[in-house]
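The structure appears below as structure tokens.
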């Protein structure tokens, strides 16, 4: 596929430093207020080219698991834009390779193109550019698209230029994710409006009480979605400006100021994580979560989780052990949702365990697989075990010490388990730790 017809961009020069600080600040400001995907694309196309003095810019996003869509391109010919509006993620080309791998692709000259993409050289020559810098747009560790810059002359980007391009890509990714949430909220409101109109036409007087309850629940979900969206906007702007300050855009930064910026970034990430839990809860509550159920190897999956929790285990100096299933059993589950449940359970166990160990066990039965997370924390009062799965409820298992969070992790985890035909229960005694048991159907049921 000659996807590099995308390279029909604008007219390049070099990468001067004069005026770049002002252009970067303008681009950051534009991204911080962009509320739709089109506004984000316009901000990048309208500013990134001049900011980096490139010949053109193209912005793509992942619209399905295997399809990329162009959402912005500078000076791209109309016929090429229409032809390649959507293209497969599997194509061997810089934009697709970057999204697949999550790694940037830097082509500094025509020789680099010849070495990595010899089949694309005719299209590159026809477009009249020789260098490309393609960087992934990543949100929460997952590539959601890519940004490509083109240059007509061979261009060797230094560390500072590469870091600035990466910084813009990070801000662009956050802005696109924010715009996506805004679009989802709009679809949710429209869907609810249509459903409400249809229901009103057929609703009998006897159902008014139930309708009132549904309206209250809808109002709660809408409020949470709007609140979370509005909080994300300033938090993403904070992250962008912190990154620019760390790059020295406003002048030299002292080590003490670097420490302060690091604390600001940590606080911003923590708040963004809490908001993410609220959004997850809204999606689950409104039935807008899709599940891709397929057989998943339990042992392989749990081993992969180890690396994600290792820093937290080490920070609290706890011991951790995983006892695999005796057989290489699989469960019928959505891999992403299974990850979310296990990470919630393990993070919760670590949070409420100040000394001792965390242990994960696995037992394969005839029709199901049972995964247990054991901890040696303070435990939960017997009368409160059911409460811990209710949203926004926190049980102080630390006997007087407040723990961070909004009390949604276990509620979300139980709902996800039920949606995959599984169960999630808890057993605990004060002073003896807790056991959370996740049971799912076998994917290789005998």
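Residue numbers (this note's numbering): 18 to 463. All C-beta atoms, glycine included, are put in the ideal place defined by N, C-alpha and C.
- When beta bridges are read from the DSSP output, residue 456 appears opposite 387, 440.
- Here the alpha carbon of residue 377 sits roughly 43 Å from the alpha carbon of residue 76.
- Within the stretch 86-140, the complete alpha helix (DSSP H) runs of at least 4 residues fall at 95-100, 111-118, 127-133.
- Excluding residues up to 5 positions away in sequence, 252, 255, 256, 259 lie with their Cβ nearer than 8 Å to the Cβ of residue 285 in the same chain.
- Non-local beta-carbon contacts of residue 83 in its own chain, meaning distances under 7 Å to residues more than five positions away in sequence, involve 105, 106, 107 in chain order.
- Bounds of the beta strand (DSSP E) holding residue 149 are 148-156.
- Segment contact: the stretch 424-436 against the stretch 369-386, fewer than three CB-CB distances shorter than 8 Å; contact not assigned.
- According to the DSSP assignment, residue 61 belongs to the alpha helix (DSSP H) that extends over 54-68.
- Residue environment: residue 72 is assigned as buried (16 or more neighbouring CB atoms within 10 Å of its CB, all protein chains considered).
- With contacts defined as CB atoms closer than 8 Å, residue 193 and residue 154 qualify as a contacting pair.
- For residue 308, the three-state secondary structure derived from DSSP is coil.
- Counting only residues of its own chain and dropping the five nearest sequence neighbours on each side, residue 184 has a CB closer than 6 Å to the CB of 260.
- Between residue 450 and residue 384, the beta carbon gap of about 29 Å keeps them out of contact (Cβ cut-off 8 Å).
- According to the DSSP assignment, residue 353 belongs to the alpha helix (DSSP H) that extends over 352-368.
- Each of 352, 132, 116 was checked against the Cα of residue 307, and the nearest Cα belongs to 352.
- In the DSSP assignment, residue 81 forms a beta bridge with 84.
- Between the C-alpha atoms of residue 268 and residue 262 there is a straight-line separation of about 8 Å.
- Residue 166: member of the beta strand (DSSP E) spanning 159-168, first to last residue.
- Less than 8 Å divides the Cβ of residue 181 from the Cβ of residue 264.
- Counting only the Cα atoms, residue 146 lies some 13 Å from residue 131.
- Counting only the Cα atoms, residue 150 lies some 31 Å from residue 276.
- CA-to-CA, the gap between residue 175 and residue 123 works out to about 11 Å.
- Per the coordinates, the alpha-carbon of residue 55 lies some 42 Å from the alpha-carbon of residue 455.
- Rounded to the nearest whole angstrom, the C-alpha separation of residue 341 and residue 138 is 50 Å.
- For residue 195, DSSP assigns no beta-bridge partner whatsoever.
- Residue pairing by DSSP places residue 347 opposite 314 in a beta bridge.
- DSSP places residue 372 in the coil class of the three-state scheme, outside both helix and strand.
- Per DSSP, the continuous beta strand (DSSP E) segment holding residue 336 begins and ends at 336-340.
- In this structure, residue 397 places its C-beta atom within 8 Å of the C-beta atom of residue 445.
- The residues 349, 350, 351, 437, in chain order, have a CB closer than 7 Å to that of residue 310 in the same chain once the five nearest residues on each side in sequence are set aside.
- Shown here, residue 393 sits in coil according to DSSP, grouped into three states, outside any helix or strand.
- Cβ-Cβ distances below 7 Å link residue 40 to 64, 67, 68 in the same chain, with the five nearest sequence neighbours on each side left out; the list follows chain order.
- Straight-line measurement puts the Cα of residue 144 at about 53 Å from the Cα of residue 459.
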